Amino acid sequence: MSPASTASGHTARKSGFSRRGFLQVGASVSGGLLLGFVLPGGSRLSGQTIARTAGTAAIPDARLNAWIHIAPDDQITFMIHKSEMGQGTVTSLSQLLAEELECDWGKFRTEFPPVDIAFGPMQGVVGSQSIRTSWTPLRRAGATAREMLIAAAAQTWGVDKSQCRAQSGTVVNTATNASLSYGKLAATAAKLPVPANVALKDPAQFRYIGKPIKRLDTADKVNGTTKFGIDARLPGLVYAAVARCPVVGGKVVTFDDKRARAFPGVKQIVPISSGVAVVANNTWSAIQASRLLDIKWDEGANAAVNTPAITKMFADKTLQPGTVCRSVGDAEAALKGAAQKVDAVYHAPYLAHAPMEPLNCTADVRPDACHLWASTQMQTVVQAVAVQLTGLRPEQIHVHSMYMGGGFGRRATGDFISDAVEISKAIGAPVKATWSREDDIQHDRFRPASLARFSAGLDADGWPVAWMNRFACSSIQKSSSGQDPRNGIDRTSSEGLDDLEYEIPNQQVEYHWTETGIPVHYWRAVGYTQNTFFAESFLDELAAAGKKDPVELRRRLLAKSPRLLGVLNLAAEKAGWGQPLPEGRTRGVAAVFNVGTYSAQVAEISVVAGKVRVHRVVAAVDCGHVVNPMIVQQQIRSAIVYGLTAALKGEITLDKGRVQQTNFHQYDMLRIDEMPVVDVYLVPSTENPGGIGEAGVPAIAPAVCNAVFAATGKRVRQLPIRREQLV
Amino acid sequence: MASIKFNLNGKPHSADDAIPEMPLLWYLRDSLGMTGTKFGCGMALCGACTVHVNGQSVRACVTPVSSLAGKNVTTIEGLSADSSHPVQKAWAELDVPQCGYCQSGQIMTAAALLSKKARPSDADIDEVMRGNICRCGTYQDIRAAIHRAADLKGGKA
């Protein structure tokens with residue numbers, strides 16, 4: 001196979017908007033022929049600019065179902081309802097569709113569709129779910145469309161369907177060798193009944209699924225033509241930046257804009273709910289002038305918040321019993337009877353997401369319609385925010401999904417959408433509102449800080465018999481939706497602590513839901529980002545206390561968890577666990593089951609003058625059936641960098657309610673000279689696919705910290721790893 | 728307001744009515760609509776906005792338009808007409824980009840490196856490329872692609 005990745009014809013529409021963006025679509029997943037489309041008199045984008053002209057009539061594509069549209073000229077369009085942020089959905093979802101549709105690789109284009117109930121009540125990309133939730137529906141969508149095209153051909157020829165075969169974008173009459181292209185059949189096919197049950201291919205026959213097919217969106221990403229949200233352009237577009245209260249959650253009382261107004265390029269100053277917006281004829285002027293505003297703030301309830309006080313609150317709370325989220329056997333009694341007891345307290349800081357593309361949204365709010373161009377992880381959130389702020393109906397809100405310059409959970413929020421909607425509504429013009437990097441870091445909705453207290457008991461042979469764990473963390477659910485966690489337990493706080501695969505006979509895990517006033521949100525791998533660091537590090541402490549090899553201890557405790565045991569053994573083998581290393585180098589191991597995927601990592605490190613250098617990471621991953629092994633490997637490497645950045649550098653602190661970090665000089669990222677060699681091994685599997693985008697994050701911090709213990713005898717119980725802890 | 732003349736991607740350009748202090752990044756993006764050069768930090772900390780000025784890689788976010796008079800400016804749009812620069816070819820061959828947002832800057836920095844060092848070592852790559860952040864963590868692929876681009880430039884298939 002030679003997938004053509006450089007032809008532009010099948011890359012996702014650069015703009016993400018086109019006439020298809022204005023299709024009024026029905027609610028049925030497998031609707032019939034689209035009868036027409038509405039041109040709301042709003043914006044249309046062609047190439048780099050949106051012409052404010054009425055759309056021209058065109059022959060509509062036949063819509064065989066929500067994902068597959070076929071034009072009379074044989075142009076096949078796949079609707080990629082899971083937006084692309086580097087995780088590979090444009091390519092891998094196309095693999096699922098093309099496989100069953102029986103069209104040739106490269107002989108289609110992709111597009112990000114509008115909000116459509118066909119794509120579910122929550123249209124978005126979160127929780128490493130794109131492949132997991134698309135695996136069956138998208139193959140079925142491809143197969144259903146294929147069967148409808150076959151039926152249309154049979155009807156056209158007046159022959160039985162069994163005499164027709166789909167092949168390379170055509171249906172062939174096996175008796176006569178006549179053929180009809182999908183484009184010629186599509187209009188007929190779209191009027192046929194949708195078959196209820198279609199047979200899916202035997203995986204042994206897969207041509208695209210499971211192959212390391214090159215990404216469809218690479219060509220535009222190496223010449224600067226990919227259109228991210230920040231690249232949206234419209235005639236008459238103005239640019240905005242917002243001055244926000246330095247204290248999280250504070251509000252404007254009064255402001256003096258004399259100096260800001262005098263800055264070149266500035267057009268208007270508009271107070272909005274998140275602060276004071278400066279509108280200018282370019283983004284730089286807007287940002288610069290926003291810093292010249294003289295604003296009197298009501299600093300609100302967080303004016304005295306600081307991180308040491310939050311940590312102390314967590315530490316105090318966890319001295320008391322909490323809400324039980326796991327109970328096996330009798331941990332308290334087993335602890336009392338243990339031959340040896342191990343205690344430890346772990347802590348993880350707030351973290352910002354810091355996607356490379358600063359947050360932004362372009363909004364054009366009109367009396368009868370609102371168009372939004374955004375790199376967003378949650379199309380339905382974007383729509384809901386706009387409905388609330390404009391009073392328009394959902395069908396009047398048009399969300400144009402753009403390529404995302406990273407997401408990591410940050411782009412699943414509506415705060416950067418509301419800025420643009422409010423400003424456009426206030427000034428009656430299309431506006432692009434861009435957050436500065438300082439806004440991004442200081443006004444993030446953070447990965448929650450957390451503290452976990454452990455007590456474990458070992459028997460006389462050094463094997464764990466009791467595991468007690470109390471932890472405190474604020475609730476992402478409460479912060480993002482306002483709803484209290486049901487029964488006091490938010491799984492985004494407890495995952496990674498209440499679901500350990502290790503077979504320890506007596507376990508008790510208790511949660512203290514503890515609000516801090518600081519907004520928190522989903523951060524790539526969510527609760528596992530801190531909790532797997534806690535649990536896998538503490539397990540390593542038990543291995544050391546019981547004089548067990550860390551891999552050997554895990555093997556024993558995973559005897560009944562074959563898939564996690566499998567990746568542990570694979571990682572250990574490939575890393576040469578137990579084999580000699582060069583002078584000064586040590587290894588550490590960690591394993592985790594998250595987002596439906598089993599993984600284990602072995603980190604090889606050295607510590608010189610307190611500085612940790614990670615040389616190599618071996619990752620073994622069992623994510624079930626692999627759709628694209630190249631993308632899976634890239635995602636694991638990516639996740640390891642994300643987790644390693646946090647382990648070595650990541651920390652957001654607050655003083656007097658103010659985030660103390662502003663930009664990359666104070667909230668630094670892993671750089672190329674710190675990059676370990678990462679080897680990823682995939683376990684062949686026919687199980688249903690697991691998630692991948694977040695699977696590689698949790699294990700790296702504990703694997704590195706466990707290696708640091710092996711090197712120095714010093715246990716890292718607080719991230720990020722600090723040089724002063726190790727010298 | 729001033730008129731500042733420089734060469735942009737090989738063609739004479741006159742920045743009329745430009746705010747002299749405005750960084751090149753925003754002049755390109757908002758005034759000219761050339762969106763291939765990306766905003767990342769505004770403080771020369773991440774490299775997303777890297778362009779070439781007289782062949783040197785510079786951070787467009789801290790380069791005032793007024794400093795460009797008489798100079799040659801190359802952006803990702805002008806690196807090649809058809810993605811045929813060896814760095815772009817190597818990047819495509821190895822499928823380096825994930826989200827892709829930082830990659831214009833990565834490619835421009837790598838192209839400037841290769842114009843000075845035909846066969847950069849890993850240490851050369853570290854020294855020059857460490858100024859470019861990739862939040863997707865494509866560093867391993869970037870390193871391999873720079874070595875591959877050196878091969879392509881040197882005539883190796």
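Protein sequence lines, in the order shown, are assigned to chains A and B.
Mind the numbering: the first sequence is residues 1 to 727 in this note's numbering, read in order.
Mind the numbering: the second sequence is residues 728 to 884 in this note's numbering, read in order.
Here a beta-carbon is modelled for each residue, glycine too, at the ideal position from N, C-alpha and C.
This structure is a prediction, so every number in the text was calculated from the model and none was measured.
| query | result |
| --- | --- |
| Proximal residues, the region 351-376 of chain A versus chain B, C-beta separation under 7 Å | A354, P355, M356, E357, P358 |
| The region 594-611 of chain A touching the region 568-584 of chain A, judged by at least three CB pairs closer than 8 Å | yes |
| Proximal chain A residues relative to C776 of chain B, where beta-carbon distance stays under 7 Å | Result: empty, since nearest Cβ-Cβ is about 11 Å, beyond 7 Å. |
| Contact set for V25 of chain A: own chain, Cβ-Cβ below 6 Å, skip 5 residues either direction | Reliability fails at V25 of chain A, whose pLDDT of 27 lies under 50, so the model's placement of it is uncertain and no value is given. |
| K82 of chain A burial status per 10 Å Cβ neighbour count (16 or more: buried) | buried |
| CB contact check: T758 of chain B to chain A, cutoff 8 Å | It is worth fixing the name first, because residue 758 of chain B is Ser in this sequence and not Thr. Taking Cβ atoms only, chain A reaches closer than 8 Å to S758 of chain B, which makes this a yes. |
| Cutoff 7 Å; reference L35 of chain A; Cβ partners in own chain excluding five residues on either side | Residue placement at L35 of chain A cannot be trusted, given a pLDDT of 22 that sits under 50; what the coordinates show is reported in the next sentence. Nothing meets the Cβ criterion. |
| Inter-stretch contact at 8 Å, needing at least 3 Cβ pairs: the region 165-183 of chain A / the region 118-138 of chain A | no |
| Partner residues on chain B for A219 of chain A, Cβ-Cβ distance less than 8 Å | S810, A819 |
| Touch test, the region 280-288 of chain A against the region 252-268 of chain A, Cβ-Cβ under 8 Å, three pairs minimum | yes |
| For G210 of chain A and I626 of chain A, believed in contact at Cβ under 8 Å, the rounded distance | Contrary to the premise, residue 626 of chain A reads as Val rather than Ile in this sequence. Indeed, because the Cβ distance is near 6 Å, the residues count as touching under 8 Å. |
| Rounded Cβ spacing between E804 of chain B and G774 of chain B (contact assumed at less than 8 Å) | Actually they do not touch by this definition, with Cβ atoms about 17 Å apart. |
| Cβ-heavy atom distance, C361 of chain A to the ligand MG, below 7 Å | Of ligands this structure carries none, so the ligand MG is not represented either. |
| Per-residue contacts from P813 of chain B into chain A (C-beta, under 9 Å) | What P813 of chain B touches in chain A: nothing, since even the nearest Cβ is about 11 Å away. |
| Run of the beta strand (DSSP E) containing E111 of chain A, from where it starts to where it stops | 109-111 |
| Minimum C-alpha distance to R453 of chain A - residue among A:P505, A:S537, A:Y346 | A:Y346 |
| Proximity test, Cβ basis, 8 Å: I131 of chain A and chain B | no |
| Cβ of A871 of chain B within 8 Å of any chain A Cβ | no |
| Within chain A, the residues that S831 of chain B reaches when beta carbons sit closer than 8 Å | G224 |
| Local Cβ density within 10 Å of I721 of chain A, reported as buried at 16 or more and exposed below that | buried |
| Contact set between the region 857-868 of chain B and chain A, restricted to residues whose Cβ is under 9 Å from the partner | R857, G858, N859, I860, C861, R862, C863, G864, T865, Y866, Q867, D868 |
| Inter-residue spacing [alpha-carbon to alpha-carbon] between S30 of chain A and L200 of chain A | Only weak support exists for where S30 of chain A lies, its pLDDT of 27 falling under 50; the value from the coordinates is given anyway. Each residue's Cα considered, the two are about 17 Å apart. |
| Span separating the alpha-carbon of K161 of chain A from that of L64 of chain A | 18 Å |
| Other residues of its chain near L292 of chain A: CB distance less than 7 Å, five sequence neighbours each side excluded | R259, A260, F263 |
| CB-CB length for V242 of chain A against F255 of chain A, believed under 8 Å | That pair is no contact at about 12 Å. |
| Chain-ordered chain B contacts of N282 of chain A [CB-CB under 9 Å] | I746, M749, W753, Y754, R756, D757, S758 |
| Own chain partners of R857 of chain B with C-beta closer than 8 Å, once the 5 adjacent residues on each side are dropped | none |
| Which residues DSSP lists as bridging N360 of chain A, in chain order | A:T434 |
| Helix, strand or coil at E299 of chain A according to DSSP, with G and I counted as helix | coil |
| C-beta atoms of I213 of chain A and W105 of chain A nearer than 8 Å | yes |
| First through last residue of the alpha helix (DSSP H) which encompasses F533 of chain A | 528-545 |
| Supposed contact pair P550 of chain A and N706 of chain A - C-beta distance, whole angstroms, cut 8 Å | 6 Å |
| For A241 of chain A: DSSP bridge partner residues | A:V278 |
| Exposed unless 16 or more other CB atoms sit within 10 angstroms - verdict on R763 of chain A | Given that chain A is displayed from residue 1 to residue 727, the structure contains no residue 763 of chain A and the question cannot be resolved. |
| Among A:A118, A:D540, A:K227, A:R410, nearest to S480 of chain A - alpha-carbon criterion | A:R410 |
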